[in-house]
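Undergrad:
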Amino acid sequence: MNTENKNSRRDFVKTSAVITGGMMATPLLSKANFFSGAEDTIKVALIGCGGRGTGAAMQACLTKQNVNLVAMADAFRDRIDNAYKELTADAKEGKTSIKNRIDVPEERKYVGFDGYKKAMAHADVVILTTPPGFRPIHFEEAVKQGKQIFMEKPVATDPAGIKRVLDAAEIAKQKKLNVVVGLQRHYQNSYRELYAKKDMIGDITSAQVWWNNDGVWVNPRKPGQTEMEYQMRNWYYFNWLCGDHIVEQHIHNIDVMNWFKGGYPVKAQGMGGRQVRKGKDHGEIFDHHYVEFQYADGSILNSQCRHIPGTMSKVDELLIGTKGKIFCGLAHIKDNTGKLLFQFDRKNENEPYQNEHNELFAAIAKGEYKFADAENGAKSTMTAIMGRMATYSGQVLNWDKLLNSGIDIMPKEFSWNAMPPVVPDADGYYPIAVPGKTKYI
Ligand SMILES: NC(=O)c1ccc[n+]([C@@H]2O[C@H](COP(=O)([O-])OP(=O)(O)OC[C@H]3O[C@@H](n4cnc5c(N)ncnc54)[C@H](O)[C@@H]3O)[C@@H](O)[C@H]2O)c1
């Protein structure tokens, strides 16, 4: 690699870092692939070292670029240790070792609520993979520090958080910071081809989307935990951290309709509850939701998600148009008579989690500004939040009013002894939303 090219990439990263919000970044140096040398690494910081964070760090290190993980931050020391162990493991059956890419000495492992700022400062690229409640805080800081960003979905758990992400997304655009959001269907070949061929079904008038399965892990309360530690360990069941499963998982399917439709719903109403998953360690979330979202042109998105063992499992999307249907799971398109118009060839399918990183790091290496996923990530998250609030309240909710409601469910203080915004009653149960009584706007 020649020096000019090497400096160019460094300048790109540095330029991005010094531009403050509201100003236009100097044009990026995007002519050539000027990053390729072993001596010039792309440095990554991992914020949130759990399952997805470990996977995403591996995927970053498995791209063609010269990527090193240089800093790790997590609320809990044991999560950093487990992730570090996995990332530095020797190659085993079917798994390449990336241990030569892991350069995280003890002094660059940050534990607690505040470590993220220091970890980010070491990096060119940050991976944000904590539970989604923290995403607005971490995304804002990453943008402030001028970092390139991969962040997982969802990107918030309440309307106030969505506003913060939308504002920071604007600044990220001005600074020309690449932002990839982990709505991986956008990086999956079959979905991309279906999207490219969507005109075959005419105008999309409705959709049905599903995330129905058995549910996820539970981390039961342990003796000696403060309420904050307990909720952080068992985060799936608390809305300020997770958003409920309609936000945390079903966003993927809801987002497909928004993407293909090219817009977001204007209102929603729905129903839901907790029928089976209602123990003390199940916090405050529902185990089923059914929501009818309506778009400005009157088209409808019927969304259902359920976490109940022993019921029908299905994770899929069906888009219905004036001339035909797109079956996402089957990766094909049929006309209204049932005639097959297009079948995606499975041989051409890719691994979308890996591809998110392949495309992001290739762009970064070339100094290109290619990805601005934060706005859609925020608006699809907002769609799912509106769905949750619709089922919790049983009211018809309006997008604009809800987005501008200022509803903020996050704690005011982050420390192990601080009280989270929801606490259990004397018997150990949390307050649960009651349709007809719970009200938002
Ligand atoms: N795109 C996908 O298909 C996909 C798949 C799995 C997870 N995810 C998303 O990834 C995110 C993480 O999920 P996961 O399954 O890895 O959960 P996880 O519990 O395994 O990991 C989350 C980690 O974040 C840490 N953390 C919590 N608060 C923190 C803070 N304030 N600062 C630093 N670290 C903090 C936790 O201690 C934990 O180690 C979620 O948003 C989830 O929706 C996406």
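Numbering (our numbering), first residue to last: 380 to 820. Ideal Cβ positions, reconstructed from N, Cα and C, are used throughout, including at glycine. The structure presented is a predicted model; accordingly, all values stated were derived computationally and were not measured.
Take Gln567 and list the residues in its own chain whose beta-carbon comes closer than 6 Å to its own, dropping the five residues that flank it on each side.
TA: If we look at Gln567 and ignore the five residues flanking it on each side, its Cβ neighbours are Pro731.
Undergrad: Just how far apart, CA to CA, sit Pro406 and Ser759?
TA: Reliability of the predicted coordinates at Pro406 is poor, the pLDDT of 36 falling under 50, and the value obtained from them is presented with this limitation in mind. Roughly 30 Å separates the two Cα atoms.
Undergrad: Looking at Asp482: is its Cβ nearer than 9 Å to the Cβ of Asn445?
TA: For Asp482 and Asn445, no; Cβs fall outside 9 Å.
Undergrad: By how many angstroms is the C-alpha of Phe617 removed from the C-alpha of Arg823?
TA: Since the first residue shown for the chain is 380 and the last is 820, residue 823 is missing from the structure and cannot be characterised.
Undergrad: Put Pro778 into one of helix, strand or coil per three-state DSSP.
TA: Residue identity check: residue 778 is Trp in the sequence provided, not Pro. Three-state DSSP puts Trp778 in a helix.
Undergrad: So Asp634 is in the alpha helix (DSSP H); what residue range does that whole segment cover?
TA: First-last of the alpha helix (DSSP H) with Asp634: Ile630 to Lys640.
Undergrad: Identify whether Cys428 lies in helix, strand or coil by the three-state DSSP scheme.
TA: Note: Cys428 maps to coil in three-state DSSP.
Undergrad: Buried or exposed: where does Asp503 fall if 16 or more other Cβ atoms within 10 Å of its Cβ makes it buried?
TA: Buried is the call here.
Undergrad: Are Val558 and Val635 close, meaning C-beta to C-beta below 9 Å?
TA: Going by C-beta atoms, Val558 is not nearer than 9 Å to Val635.
Undergrad: For Arg685, which of Glu696, Ile459, Phe665 and Phe706 has the nearest alpha-carbon?
TA: The option with the nearest alpha carbon to Arg685 is Phe665.
Undergrad: Is any heavy atom in ligand 1 found nearer than 8 Å to the beta carbon of Pro484?
TA: No, Cβ of Pro484 sits at least 8 Å from all heavy atoms of ligand 1.
Undergrad: For the beta strand (DSSP E) holding Gly756, just list the boundary residues, first then last.
TA: No beta strand (DSSP E) contains Gly756, which is instead part of the alpha helix (DSSP H) from Ala753 to Ser772.
Undergrad: Measuring only the C-alpha atoms, how far is Ala751 from Phe529?
TA: Distance between the alpha carbons of Ala751 and Phe529: 11 Å.
Undergrad: By the three-class DSSP mapping on this structure, what secondary structure does Gly540 have?
TA: It is helical.
Undergrad: Measure the C-alpha to C-alpha separation of Ile550 and Ala675 and round it to an integer number of angstroms.
TA: For Ile550 and Ala675, the distance between alpha carbons rounds to 28 Å.
Undergrad: Alpha carbons only, please: which of Ala468, Gly651 and Met499 is nearest the one belonging to Glu671?
TA: Checking every option, the nearest Cα to that of Glu671 belongs to Gly651.
Undergrad: Ignoring anything shorter than 3 residues or poking outside the region 424-474, list the beta strand (DSSP E) runs there in chain order.
TA: 446-453, all fully within the region 424-474.
Undergrad: Can you give the Cα-Cα distance for Glu754 and Val544, rounded to whole angstroms?
TA: Spanning the two alpha carbons is a distance of roughly 8 Å.
Undergrad: Pairing CB atoms from the region 562-578 with CB atoms from the region 709-726, are three or more of them under 8 Å?
TA: Yes, since at least three Cβ pairs between the region 562-578 and the region 709-726 fall closer than 8 Å, the two stretches touch.
Undergrad: Per DSSP, what kind of secondary structure is Leu698 in: helix, strand or coil?
TA: Here Leu698 sits in strand by DSSP.
Undergrad: Helix, strand or coil for Ile705, going by three-state DSSP, please let me know.
TA: If DSSP states are grouped into helix, strand and coil, Ile705 belongs with the strands.
Undergrad: Please go through the same chain and pick out, in chain order, the residues whose beta-carbon is closer than 8 Å to the beta-carbon of Ala462, but skip the five residues on each side of it.
TA: Excluding positions up to five away in sequence, the list reads Leu425, Cys428, Gly429, Gly432, Thr433, Ala436, Met451 and Asp453.
Undergrad: In chain order, what residues of the same chain lie with their CB nearer than 6 Å to the CB of Ala547, ignoring the 5 residues before and after it?
TA: So the list reads Phe518, Glu519 and Val522, once near-sequence residues are dropped.
Undergrad: Among Val626, Phe492 and Lys659, which one has its Cα closest to the Cα of Ala805?
TA: Selected option, being the one with the closest Cα: Lys659.
Undergrad: Classify Tyr809 as helix, strand or coil using the three-state DSSP reduction.
TA: Tyr809 falls in the coil class under three-state DSSP.
Undergrad: Give me, in chain order, the residues of the same chain whose beta-carbon lies closer than 7 Å to that of Met768; leave out the 5 immediate sequence neighbours on both sides.
TA: Within the same chain, Met768 has close Cβ partners Leu776, Leu781 and Tyr819.
Undergrad: Compute the minimum distance between the beta carbon of Gln438 and the heavy atoms of ligand 3, and state whether it is under 8 Å.
TA: Looking at this structure, you won't find ligand 3 anywhere; what it does contain is ligand 1.
Undergrad: Would the beta-carbon of Leu562 fall within 9 Å of that of His629?
TA: Their beta carbons are not under 9 Å apart, which means Leu562 does not touch His629 by this criterion.
Undergrad: Could you tell me if the beta carbon of Cys707 falls within a distance shorter than 8 Å of some heavy atom in ligand 1?
TA: Cys707: no, Cβ never under 8 Å from ligand 1.
Undergrad: Rounding to the nearest angstrom, what Cα-Cα distance links Gln527 and Ala742 in this structure?
TA: Going from the Cα of Gln527 to the Cα of Ala742 covers about 10 Å.
Undergrad: When you compare only the Cα positions, how much space is there between Phe513 and Arg487?
TA: Using only the alpha carbons, I get a separation of about 21 Å.
Undergrad: Roughly how many angstroms lie between the CA atoms of Leu507 and Ala498, to the nearest whole one?
TA: The straight-line gap from Cα to Cα measures roughly 11 Å.
Undergrad: Taking C-alpha atoms, which residue in Gln774, Tyr809, Trp778 and Tyr771 lies nearest to Thr762?
TA: If we check each option's Cα against that of Thr762, Trp778 comes out closest.
Undergrad: May I ask whether a heavy atom of ligand 1 can be found less than 8 Å away from the beta carbon of Tyr609?
TA: Result no, Cβ not under 8 Å from ligand 1.
Undergrad: Apart from the five residues on each side of it in sequence, which residues of its chain come closer than 7 Å, Cβ to Cβ, to Pro810?
TA: Around Pro810: Glu663 and Val801.
Undergrad: Considering only the alpha carbon of each residue, which of Trp619, Arg653, Glu627 and Gly677 lies closest to Tyr643?
TA: Among Trp619, Arg653, Glu627 and Gly677, the Cα nearest to that of Tyr643 belongs to Gly677.
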